[in-house]
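Trainee:
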Amino acid sequence: MAQDRLDGINPCHEHACDLQECLNKYPTQHDKCQNILVDLYRCCNKFYATKGTSAQVDACPIPTATKKKLESLGQKVDFKA
Numbered sequence: 149m150a151q152d153r154l155d156g157i158n159p160c161h162e163h164a165c166d167l168q169e170c171l172n173k174y175p176t177q178h179d180k181c182q183n184i185l186v187d188l189y190r191c192c193n194k195f196y197a198t199k200g201t202s203a204q205v206d207a208c209p210i211p212t213a214t215k216k217k218l219e220s221l222g223q224k225v226d227f228k229a
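The numbers in our numbering rise by one with no breaks, and the one at position 68 of the sequence shown is 216.
1) By Cβ distance, which residues of its chain are closer than 8 angstroms to K224, with the 5 residues on each side in sequence left out?
2) V186 by DSSP, collapsed to three states: which one?
3) Within a Cβ cutoff of 8 angstroms, which residues of the same chain sit near A231, ignoring the five residues on either side of it in sequence?
4) With the cut-off set at 9 angstroms, would you say A207 and P159 are in Cβ contact?
5) Just to confirm, is the Cβ distance from T201 to A229 under 9 angstroms?
In structure tokens:
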């Protein structure tokens with residue numbers, strides 16, 4: 149399982165790679181990748197809460213999309229978008 153690494157050049161990159169690997173493994177069964185997707189969004193939540201919503205990272209959607217997805221998953225949002 150990927151770690152929430154918020155420092156360095158590509159925070160949350162491991163989560164994004166894990167998700168891509170899962171989607172490639174189960175191209176027609178995306179529900180099997182749901183836990184990995186949630187982990188990625190949780191990492192992005194921590195990233196935006198720590199670095200601010202003006203920060204950018206390749207592995208995460210923009211803050212408003214991240215917030216909307218977290219809320220749809222019933223997850224706590226720790227930043228203001």
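All C-beta atoms, glycine included, are put in the ideal place defined by N, C-alpha and C.
Mentor: In short, the structure shows the following:
1) Here residue 224 refers to the residue found at position 76 of the sequence shown. If we look at K224 and ignore the five residues flanking it on each side, its Cβ neighbours are N193, L218.
2) Walking along the sequence shown from the start, residue 186 turns up at place 38. It is helical.
3) Residue 231 cannot be examined here, being either before or after the span of the chain that is shown, 149 to 229.
4) Taking the first residue of the sequence shown as position 1, residue 207 is located at position 59. Taking the first residue of the sequence shown as position 1, residue 159 is located at position 11. Contact: yes.
5) Locating residue 201 in the sequence shown gives position 53, counting from the first residue. Locating residue 229 in the sequence shown gives position 81, counting from the first residue. Cβ distance < 9 angstroms, so T201 and A229 count as in contact.
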